[in-house]
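Numbering (the working numbering), first residue to last: 1008 to 1447. Backbone N, C-alpha and C fix where the C-beta goes; we use that ideal spot for every residue, glycine too. Read the structure below first, then the notes.
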């Protein structure tokens, strides 16, 4: 059963992101109006009540993320003003006592992260077992990892890693080579009297035909997103998408070694990308054989520059021996990748992660805005510019199929039938439909 609610006039401009807290009882929204709003669920009426509302940035707020509740009630927000801000909900007992009411609370800015050299597009806290860490990605295509050194005060954050994702060439990624590629910054430290990091990055870029600088590389055509692997066993691993290429990099972070690219998930691989590596050809063959529809490959229909990935979600594994990563792009495609980690029996340097494309849908017929897994990683939800929320589920035999659709227009029609007043008004702000839950 699916329940929905409509937050009318949620913001004065387009809503850019919405995120539930850990318990699903609070909802944070952000908008082009530079503001953040916190909504609280009324457990009696199952409705949503507006709460705190404040101006958070000096430009569009692109993303909002909650930290795990063991660290407190903490939000991170990213913006087109090139900053990431950390907010904490602080209880103010004195104000409540003065008014004769219970303790009140307010949101306080705790830290501002200013290292980005472009608009910050995505922010996400790491799983709690890694501590209070934060990953961001900006339009400069750098992945930045921060760690809070003082969780009690939230005022001191250290930049642990700064990785140029675009310099990680998918052409060099294979099952046999996953641990041999470093970032340009780290590579320059290892080059003694050799080429500089910029020359290395330029050489890598020149090896990618059709992806040269100046060709469909505007910010409006690109996508920047990331998602952490939820499992602790594999270490700090996350999937990152940057720019217009449509390639998602699976990156492993380590405190003792350089960051390494485990995989490059490319929906449009060319035959020359992996000319001699058998494992790569097997992965490509598996991807073609495992698609749900026996039609022509997507590469023949969509040029690489149109397939920028704007959203990625790493599914909770829940005991599975493999991982599922879903992506959504400007080309309207929702892709589900099956990732298999290296086996414990493989000797170092002789094994690695492998991936195959298990599903590819384009039912939205329009750019995809967001994909998200449920808590067990068994149901995928997606939302597109067609105004539909679609649900996807694996059936018997492993084939993925559509499991349901939620239409925003349906809610609008119900509102119109319930009264002419609601149908006659319009223009002041942007409403937002909320999916309260799903009984899978």
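Straight-line Cα distance separating residue 1046 from residue 1056: By one-based count along the chain shown, residue 1056 stands at place 49. By one-based count along the chain shown, residue 1046 stands at place 39. Whole-angstrom Cα-Cα distance: 6 angstroms.
Inter-residue spacing [alpha-carbon to alpha-carbon] between residue 1036 and residue 1096: Within the chain shown, the letter at position 29 stands for residue 1036. Within the chain shown, the letter at position 89 stands for residue 1096. Just so you know, the alpha carbons of residue 1036 and residue 1096 end up roughly 15 angstroms apart.
For residue 1226, the three-state DSSP class (helix, strand or coil): The residue given as residue 1226 occupies position 219 in the chain shown. Reduced to three states, the DSSP call for residue 1226 is helix.
Completely contained beta strand (DSSP E) runs for the segment 1126-1169, where each covers 3 or more residues: 1127-1132, 1140-1145 and 1149-1155
Beta bridge counterpart(s) of residue 1081 as assigned by DSSP: For the purposes of this step, residue 1081 is identified with residue 74 of the chain shown, where counting begins at 1. Per DSSP, 1095.
Rounded straight-line distance, which links the Cα of residue 1251 to that of residue 1183: For the purposes of this step, residue 1183 is taken as residue 176 along the chain shown, with counting starting at 1. For the purposes of this step, residue 1251 is taken as residue 244 along the chain shown, with counting starting at 1. Caution applies to residue 1183, whose pLDDT of 30 falls short of 50 and renders its modelled position unreliable; the value that the coordinates give is listed next. If you take the alpha carbons of residue 1183 and residue 1251, they lie about 26 angstroms apart.
Secondary structure of residue 1409, DSSP reduced to three states: The residue labelled residue 1409 in the question sits at position 402 within the chain shown. Reduced to three states, the DSSP call for residue 1409 is strand.
The segment 1316-1332 touching the segment 1259-1266, judged by at least three CB pairs closer than 8 angstroms: no
Backbone secondary structure at residue 1318 - three-state DSSP: Taking the chain shown and counting its residues from 1, the one referred to as residue 1318 is at position 311. In this structure, residue 1318 counts as strand in the three-state DSSP scheme.
The segment 1023-1030 touching the segment 1065-1073, judged by at least three CB pairs closer than 8 angstroms: Result yes; three or more Cβ-Cβ pairs closer than 8 angstroms.
Helix, strand or coil at residue 1350 according to DSSP, with G and I counted as helix: Indexing the chain shown from 1 puts residue 1350 at position 343. In the structure shown, residue 1350 sits in coil (DSSP, three-state: anything other than H, G, I, E or B).
In DSSP terms, what residue 1174 is bridged to: Working through the chain shown from its first residue, we reach residue 1174 at position 167. Answer is none; residue 1174 lacks a bridge partner.
Residue 1133 vs residue 1093 beta-carbon contact at 7 angstroms: Counted from its first residue, the chain shown places residue 1133 at position 126. Counted from its first residue, the chain shown places residue 1093 at position 86. No, these two residues do not count as a Cβ contact at 7 angstroms.
Same chain, Cβ closer than 6 angstroms to residue 1318, neighbours up to 5 away in sequence not counted: Numbered from 1 along the chain shown, position 311 holds the residue referred to as residue 1318. Non-local beta-carbon contacts of residue 1318 in its own chain, meaning distances under 6 angstroms to residues more than five positions away in sequence, involve 1232, 1335, 1377 and 1378 in chain order.
Contact set for residue 1085: own chain, Cβ-Cβ below 7 angstroms, skip 5 residues either direction: Within the chain shown, the letter at position 78 stands for residue 1085. Excluding sequence neighbours, residue 1085 sits near 1069, 1070, 1091, 1127, 1128, 1129, 1130 and 1143.
Residue 1375 CB to nearest heavy atom of the ligand GTP below 6 angstroms: The ligand GTP is absent from the structure shown, which contains no ligands of any kind.
Host beta strand (DSSP E) of residue 1027 (start-end): For the purposes of this step, residue 1027 is taken as the residue at position 20 of the chain shown. Element bounds for residue 1027: 1022-1027.
Start and end residues, beta strand (DSSP E) containing residue 1368: To locate residue 1368, count along the chain shown from 1; it is residue 361. 1361-1368 is the extent of the beta strand (DSSP E) around residue 1368.
Residue range of the unbroken beta strand (DSSP E) whose run includes residue 1259: As a working note, residue 1259 is residue 252 in the chain shown. 1255-1260 is the extent of the beta strand (DSSP E) around residue 1259.
Endpoints, the beta strand (DSSP E) within which residue 1048 is located: Within the chain shown, residue 1048 is the residue found at index 41, counting from 1. It spans 1042-1048 - the beta strand (DSSP E) in which residue 1048 sits, taken as one unbroken run.
Nearest to residue 1327 (by Cα), restricted to the options 1168, 1345 and 1402: The residue labelled residue 1327 in the question sits at position 320 within the chain shown. The candidate whose alpha carbon is nearest that of residue 1327 is 1345.
Presumed contact (8 angstroms Cβ cut-off) between residue 965 and residue 1316, rounded CB distance: No information on residue 965 is available, as it lies outside the stretch 1008 to 1447 that the chain covers here.
Chain-order list of residues whose beta-carbon lies under 7 angstroms from that of residue 1076 (same chain, five-residue window excluded): Taking the first residue of the chain shown as 1, we reach residue 1076 at position 69. Cβ neighbours of residue 1076 beyond the five flanking positions: 1029.
Local Cβ density within 10 Å of residue 1405, reported as buried at 16 or more and exposed below that: Mapped onto the chain shown, residue 1405 falls at position 398. Exposed.
Residues that residue 1235 bridges to, as DSSP identifies them: Your numbering for residue 1235 matches position 228 in the chain shown. Looking at the DSSP assignment, residue 1235 forms a beta bridge with 1245.
First through last residue of the beta strand (DSSP E) which encompasses residue 1090: Within the chain shown, the letter at position 83 stands for residue 1090. Segment: none, residue 1090 is in no beta strand (DSSP E) and carries neither H nor E.
Residue 1059: first and last residue of the uninterrupted beta strand (DSSP E) it sits in: Within the chain shown, numbered from 1, the residue matching residue 1059 stands at position 52. Residues 1055-1062.
N- and C-terminal bounds of the beta strand (DSSP E) containing residue 1325: Residue numbering aside, residue 1325 sits at position 318 when the chain shown is read from its first letter. Unbroken run through residue 1325: none, as it is neither H nor E.
Limits of the beta strand (DSSP E) - the one that residue 1379 falls within: The residue you call residue 1379 lines up with position 372 of the chain shown. Boundaries of the beta strand (DSSP E) around residue 1379: 1375-1380.
DSSP state of residue 1391 mapped onto helix, strand, coil: In the chain shown, residue 1391 corresponds to position 384, counting from 1. Residue 1391 falls in the strand class under three-state DSSP.
As assigned by DSSP and simplified to three states, the class of residue 1335: As a first step, residue 1335 is located in the chain shown; it is residue number 328 there, counting from the start. Correct three-state label for residue 1335: strand.
Unbroken beta strand (DSSP E) run spanning residue 1272, endpoints: Translated into the one-based positions of the chain shown, residue 1272 becomes position 265. Looking at the DSSP string, the run of the beta strand (DSSP E) that includes residue 1272 is 1267-1272.
Closest by C-alpha distance to residue 1337, when choosing among 1391, 1367, 1273 and 1348: Counting from 1 along the chain shown, the entry for residue 1337 is found at position 330. Out of 1391, 1367, 1273 and 1348, 1391 has the C-alpha closest to the C-alpha of residue 1337.
Closest residue to residue 1034 among 1041, 1059 and 1051 (Cα-Cα distance): In the chain shown, counting from the first residue as 1, residue 1034 sits at position 27. Minimum Cα distance to residue 1034 is reached at 1059.
Residue of 1175, 1170, 1081 and 1135 minimising C-alpha distance to residue 1160: If you number the chain shown from 1, residue 1160 lands on position 153. The shortest C-alpha separation from residue 1160 is found at 1081.
For residue 1031, three-class secondary structure by DSSP: One-based indexing of the chain shown puts residue 1031 at position 24. Here residue 1031 sits in coil by DSSP.
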